[in-house]
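*Asks:*
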Amino acid sequence: MRNNIGRVLLALLFLWTMAGNCLGAVDYDHLFRQSSDLMAQGDLDGALNLLKQVPTPAPGEDAGAFVSSRMQAARIHASQKAPDKAIADCQEVLALFPDNSEARNFVAALREQAKPAWHTVLSDTIRFLPSLAKGALTTLLLVLCTMLVSPLGGLLVALGRISTLRPISGLCWLIIWFFRGTPLLLQLFFIYYGLPSLGITMSPLSAAVLGLGLNYSAYLGEIIRGAIQSIDHGQMEAAKAIGMSYGQAMRRIIIPQTYKRLMPPIGNEFIALIKDTALVSTIAMVELMRAADQLFNTYFNITALALAAVIYLLLTTIFTFIFEKIEYRAGIYEHR
Amino acid sequence: MSIANQPLLELKNITKRFKDLTAVNGVNLTVASGEKLVIIGPSGSGKSTLLRSINMLEEIEEGTINFEGREVGYILRNGKRHPDRPQAISALRAEIGMVFQHFHLFPHMTVLGNVMEGPVTVQRKTANEARSIAINILEKVGLSDKRDVFPATLSGGQKQRVAIARALAMRPKLMLFDEPTSALDPELVGEVFDTIHTLADEGMTMIIVTHHMGFARELADRVIFMESGSFLAQGTPEELFSIAHDNERIRGFLNRLL
Ligand SMILES: Nc1ncnc2c1ncn2[C@@H]1O[C@H](COP(=O)(O)OP(=O)(O)OP(=O)(O)O)[C@@H](O)[C@H]1O
Ligand SMILES: [Mg+2]
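Put into structure tokens, the structure is as follows:
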């Protein structure tokens, strides 16, 4: 690979020198020709020595050969992995012609290459972070809204499912059946693109919260129903025996006992939710995943995606930690 | 005994079926105010089902329940029996205390919380009122020092005494005990019986299902032997033991217990 590049460089150099000859540049043709020969033989130091023999021109003198020689030297130095020397070559040119764009670009490129990898990542991070943070905030907003809505929805669906009133339990069964049985993506599309044709339009945010909320209510509904039904039947009887109504028994006795059992599976669902919010990027919401995707497509820079992964991990870790704390607190009465 | 001539509870022809199985078969029972009734009988004879029918934890197919002279629990609509409104059933249950074999304490509430729960949630008493009621009753069952612990930390005997306190906090007119000591280690039975005894001495009307004959003999005004959903024999403890002398089934049952 490096050999190939070297060969191309040499070929260019050769052509370029020939061109110089043809234009009849004054005295230094033989020097360039000799140095080209030396380079062809692989004697780069020899070639450099020859090039250095082109002196700094006096003011007003033709500087073409000087500039050419120093830039050629810079290229050779760069190919020798000696960026400092290459930069020094360029700076000789820039001392006389501060606006020489070839020299300046070359210096900039060399400096960029000279930076350590972490430096590049850091500068990318700083560059990407504002839009990623904005996306992450949207993700967090979606997550929090859904976390607020879905346990309530889930509780309603769960209570409906265990109701002895057939129409209610049937309806709740239908809701769970539909929202667990179809892809979330499809539900989001239906709400955001489908409902407007029925005359219901809503902002991407409301559509997203509605879709996620319904979907997660269905899942949590089954989890909550399971937890309620797992509570010893004697608890309901004891509550009734002291005169409680069904509602009082649920609210005061049964449901509070489900909290500890609910936390692990609900925590699981909410971790899935954090990642599922990525799906709402398909309905014109710029959340974390969409923001990262946009950056990636603009800069072809994998750092944006890696950063998004880090932020997702950060969110899931924080929430896992919070859920564990809540679970512990919810079950404190079981500790002896 | 307040209204001496009026029974507190009167069951007529109580019949409860589970599909093909008749768990309680046409039971008639009158319980006077202040009476202590013990029901014995082999497993599956319908003792629990009968107790649970009294406070509507089971819905009976036939018969009537009179409590304090009122017919309770069911209403006739278009000639068909239906359970009464939920509020009416809850109100009935609030006047009848029930103690279960397996305690069924509310594990997420402290001992005090368990005892306060009825007065606060059902009787809508203020927290302060309920607390002083609960503190009094806990003192009576000897558990003042356990007020602030959760049930998980209690022994079986202590749990059952809390369950009794929880029922008493409602100031019930009738107490139903369904094998209150069957889930206890033998050395813990005594403390629960002592508590029930104290209650009996205060004049509480109670129906107790138990397998402890010594306790029945000591406490009961009347002992009923139940089998296959019906009352096979009843009388004072002495009467029942003399009946047992002639009745092989009762004798066999008692011998197995002793
Ligand atoms: N919920 C139920 N569904 C179906 N059958 C039941 C139900 N509850 C009780 N039974 C049946 O009814 C009959 C009476 O049961 P019950 O619990 O009243 O007996 P018991 O006298 O209390 O017995 P034990 O001494 O074992 O407690 C039994 O045959 C029992 O299997
Ligand atoms: Mg029983």
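Chains as they are written, first to last, in my numbering: chain A, 830 to 1165; chain B, 2 to 259.
Note that beta-carbon positions come from the ideal geometry of N, C-alpha and C, so glycine has one too.
1. Is DSSP giving Ile-61 (chain B) helix, strand or coil here?
2. To which residues of the same chain is His-906 (chain A) closer than 7 Å at the C-beta, ignoring the five residues directly before and after it?
3. So, under 8 Å CB-CB, Ile-15 (chain B) and Val-210 (chain B) are touching, yes? Tell me the CB distance rounded to an integer number of Å.
4. Of all residues in the structure, which have a C-beta closer than 5 Å to any heavy atom of ligand 1, taken in chain order?
5. Compute the Euclidean distance between the alpha carbons of Met-57 (chain B) and Lys-13 (chain B), then round it to the nearest angstrom.
6. Let's test the definition: count the other Cβ atoms within 10 Å of the Cβ of Phe-1007 (chain A) and tell me whether it reaches 16, buried, or not, exposed.
7. Going by the C-beta, is Glu-59 (chain B) closer than 7 Å to any heavy atom of ligand 2?
8. From A:Pro-1093, A:Leu-1136 and A:Leu-1142, pick the residue whose C-alpha is nearest to that of Tyr-1157 (chain A); which is it?
9. In this structure, what does DSSP give as the bridge partners for His-1164 (chain A)?
10. Is Gly-42 (chain B) closer than 8 Å to Phe-242 (chain B) when the C-beta atoms are compared?
11. Would you say Val-25 (chain B) and Ser-54 (chain B) are within 8 Å of each other, going by their C-beta atoms?
12. Where does Asp-186 (chain B) land, buried or exposed, given buried means 16+ other C-beta within 10 angstroms?
13. Give, in chain order, every residue of the region 94-106 of chain B whose Cβ lies closer than 7 Å to some Cβ of chain A.
14. Residues in its own chain within less than 6 Å of Arg-167 (chain B) by CB, not counting five upstream and five downstream?
15. Can you list, in chain order, the residues of its chain with a C-beta nearer than 7 Å to that of Lys-1069 (chain A)? Leave out the 5 residues immediately preceding and following it.
16. Which bits of chain B does Ser-1074 (chain A) rub up against, with CB to CB less than 7 Å?
17. Please tell me whether Leu-971 (chain A) and Val-1115 (chain A) are closer than 8 Å, where the distance is taken between their beta carbons.
18. Quick check on DSSP: helix, strand or coil for Pro-886 (chain A)?
19. I want to verify the contact list: residues of chain B whose CB lies under 9 Å from the CB of Ala-1067 (chain A), in sequence order.
20. Confirm the yes/no value for this check: CB of Glu-1066 (chain A), any heavy atom of ligand 2, distance under 7 Å.
21. Just to confirm the assignment: which complete alpha helix (DSSP H) runs, minimum length 4, are found wholly within the region 154-206 of chain B?
22. Taking the beta strand (DSSP E) that Ile-1083 (chain A) falls in, what are its first and last residues?
23. Measure from the alpha carbon of Gly-47 (chain B) to the alpha carbon of each residue in B:Ile-61, B:Glu-249, B:Ser-34 and B:Thr-127, then state which is nearest.
24. Does Gln-1086 (chain A) have its Cβ less than 8 Å from a Cβ in chain B?
25. Below 8 Å between beta carbons: does that hold for His-105 (chain B) and Ala-1067 (chain A)?
26. Is Glu-180 (chain B) near ligand 2 - that is, is its Cβ less than 7 Å away from at least one heavy atom of it?
27. Run the CB neighbour count on Lys-910 (chain A), radius 10 Å, all protein chains shown included, and call it buried at 16 or more, exposed below.
28. Let me know the secondary structure DSSP gives Leu-9 (chain B) once reduced to three states.
29. For chain B, find out if any of its Cβ atoms is closer than 8 Å to the Cβ of Gly-982 (chain A); answer yes or no.
30. What residues from the region 1082-1114 of chain A come within 7 Å of chain B, judged by C-beta to C-beta, listed N to C?
31. Are the beta-carbon atoms of Thr-65 (chain B) and Glu-72 (chain B) separated by less than 8 Å?
32. Using 8 Å as the limit for Cβ to Cβ distance, is Thr-122 (chain B) near chain A?
33. In its own chain, which residues sit with a C-beta less than 6 Å from the C-beta of Thr-968 (chain A), not counting the 5 before and 5 after it?
34. Let me know the secondary structure DSSP gives Ile-15 (chain B) once reduced to three states.
35. Does Gln-1058 (chain A) have its Cβ less than 8 Å from a Cβ in chain B?
36. Please go through the region 57-143 of chain B and give each complete alpha helix (DSSP H) segment of 4 or more residues, from N-terminal end onward.
*Replies:* According to the structure shown:
1. The count along the second sequence starts at 1 and reaches residue 61 (chain B) at position 60. In the three-state DSSP reduction, Ile-61 (chain B) falls in the coil class, being neither helix nor strand.
2. For this step, residue 906 (chain A) is matched to residue 77 along the first sequence. Excluding positions up to five away in sequence, the list reads Lys-914, Ala-915 and Asp-918.
3. Residue numbering aside, residue 15 (chain B) sits at position 14 when the second sequence is read from its first letter. Residue numbering aside, residue 210 (chain B) sits at position 209 when the second sequence is read from its first letter. With a Cβ gap of about 15 Å, Ile-15 (chain B) and Val-210 (chain B) do not count as contacting.
4. In chain order, the qualifying residues are B:Phe-19, B:Ala-24, B:Ser-44, B:Gly-45, B:Ser-46, B:Gly-47, B:Lys-48, B:Ser-49 and B:Thr-50.
5. Sequence index remark: in the second sequence, residue 57 (chain B) carries index 56 (1-based). Sequence index remark: in the second sequence, residue 13 (chain B) carries index 12 (1-based). Approximately 15 Å between the Cα atoms of the pair.
6. Against the first sequence, residue 1007 (chain A) aligns to sequence position 178. It counts as exposed.
7. For the purposes of this step, residue 59 (chain B) is identified with residue 58 of the second sequence, where counting begins at 1. No, since every heavy atom of ligand 2 falls outside the 7 Å radius drawn around the Cβ of Glu-59 (chain B).
8. As a first step, residue 1157 (chain A) must be located in the first sequence, where it is residue number 328. The shortest C-alpha separation from Tyr-1157 (chain A) is found at A:Pro-1093.
9. Residue 1164 (chain A) sits at position 335 when you count from the first residue of the first sequence. Per DSSP, His-1164 (chain A) has no beta bridge partner at all.
10. Here residue 242 (chain B) corresponds to residue number 241 of the second sequence, with the count starting at 1. Here residue 42 (chain B) corresponds to residue number 41 of the second sequence, with the count starting at 1. It is not a contact, given that the beta carbons lie outside the stated cut-off.
11. For the purposes of this step, residue 25 (chain B) is taken as the residue at position 24 of the second sequence. For the purposes of this step, residue 54 (chain B) is taken as the residue at position 53 of the second sequence. Closer than 8 Å, so yes.
12. Here residue 186 (chain B) refers to the residue found at position 185 when the second sequence is read from its first residue. Asp-186 (chain B) comes out exposed.
13. So the close ones are Arg-94, Ala-95, Met-99, Phe-101, His-103 and His-105.
14. Your numbering for residue 167 (chain B) matches position 166 in the second sequence. Excluding its 5 nearest sequence neighbours in each direction, Arg-167 (chain B) has C-beta neighbours in its own chain below 6 Å: Asn-115 and Val-116, listed in chain order.
15. Position 240 of the first sequence, counted from the start, is the residue given in the question as residue 1069 (chain A). The answer, listed in chain order, is Ala-1078.
16. One-based indexing of the first sequence puts residue 1074 (chain A) at position 245. Neighbours of Ser-1074 (chain A) on chain B, chain order: Pro-87 and Ser-91.
17. Indexing the first sequence from 1 puts residue 971 (chain A) at position 142. Indexing the first sequence from 1 puts residue 1115 (chain A) at position 286. Inclusion of Leu-971 (chain A) and Val-1115 (chain A) in the CB contact set at 8 Å is not warranted, their separation being larger than that value.
18. On the first sequence, position 57 is the one that residue 886 (chain A) refers to. For Pro-886 (chain A), the three-state secondary structure derived from DSSP is coil.
19. Translated into positions along the first sequence, residue 1067 (chain A) becomes position 238. The contacting residues are Met-99, Phe-101, Phe-104, His-105, Leu-106, Phe-107, Ala-164 and Arg-167.
20. Looking up residue 1066 (chain A) in the first sequence gives position 237. No, since every heavy atom of ligand 2 falls outside the 7 Å radius drawn around the Cβ of Glu-1066 (chain A).
21. Segments of the alpha helix (DSSP H) lying fully in the region 154-206 of chain B: 157-169 and 187-202.
22. Residue numbering aside, residue 1083 (chain A) sits at position 254 when the first sequence is read from its first letter. Looking at the DSSP string, Ile-1083 (chain A) is not in any beta strand (DSSP E), and its letter there is neither H nor E.
23. Numbered from its first residue, the second sequence carries residue 47 (chain B) at position 46. Between Gly-47 (chain B) and the set B:Ile-61, B:Glu-249, B:Ser-34 and B:Thr-127, the nearest pair of CA atoms involves B:Ile-61.
24. Taking the first residue of the first sequence as 1, we reach residue 1086 (chain A) at position 257. At a cut-off of 8 Å between beta carbons, Gln-1086 (chain A) contacts chain B.
25. Here the question's residue 105 (chain B) lines up with position 104 in the second sequence. Here the question's residue 1067 (chain A) lines up with position 238 in the first sequence. Yes, these two residues count as a Cβ contact at 8 Å.
26. Working through the second sequence from its first residue, we reach residue 180 (chain B) at position 179. Under cutoff, so the answer is yes.
27. By 1-based counting over the first sequence, the position of residue 910 (chain A) is 81. By the 16-neighbour rule on beta-carbons within 10 angstroms, Lys-910 (chain A) is exposed.
28. In the second sequence, counting from the first residue as 1, residue 9 (chain B) sits at position 8. Three-state result, Leu-9 (chain B): coil.
29. Mapped onto the first sequence, residue 982 (chain A) falls at position 153. Answer no: the Cβ-Cβ gap between Gly-982 (chain A) and chain B never drops below 8 Å.
30. Going along the region 1082-1114 of chain A in chain order, one finds Ile-1082, Pro-1085 and Gln-1086 with a Cβ nearer than 7 Å to chain B.
31. Looking up residue 65 (chain B) in the second sequence gives position 64. Looking up residue 72 (chain B) in the second sequence gives position 71. Note that the C-beta distance between Thr-65 (chain B) and Glu-72 (chain B) is below 8 Å.
32. Residue numbering aside, residue 122 (chain B) sits at position 121 when the second sequence is read from its first letter. Taking Cβ atoms only, chain A reaches closer than 8 Å to Thr-122 (chain B), which makes this a yes.
33. Indexing the first sequence from 1 puts residue 968 (chain A) at position 139. Same-chain partners within the cutoff: Thr-1106, Glu-1116 and Leu-1117.
34. Residue 15 (chain B) sits at position 14 when you count from the first residue of the second sequence. Ile-15 (chain B) falls in the strand class under three-state DSSP.
35. To locate residue 1058 (chain A), count along the first sequence from 1; it is residue 229. No, Gln-1058 (chain A) lies away from the interface with chain B (no Cβ there is under 8 Å from its Cβ).
36. Counting only unbroken stretches of 4 or more residues, the alpha helix (DSSP H) elements lying wholly within the region 57-143 of chain B are 87-96, 112-118 and 128-141, in sequence order.
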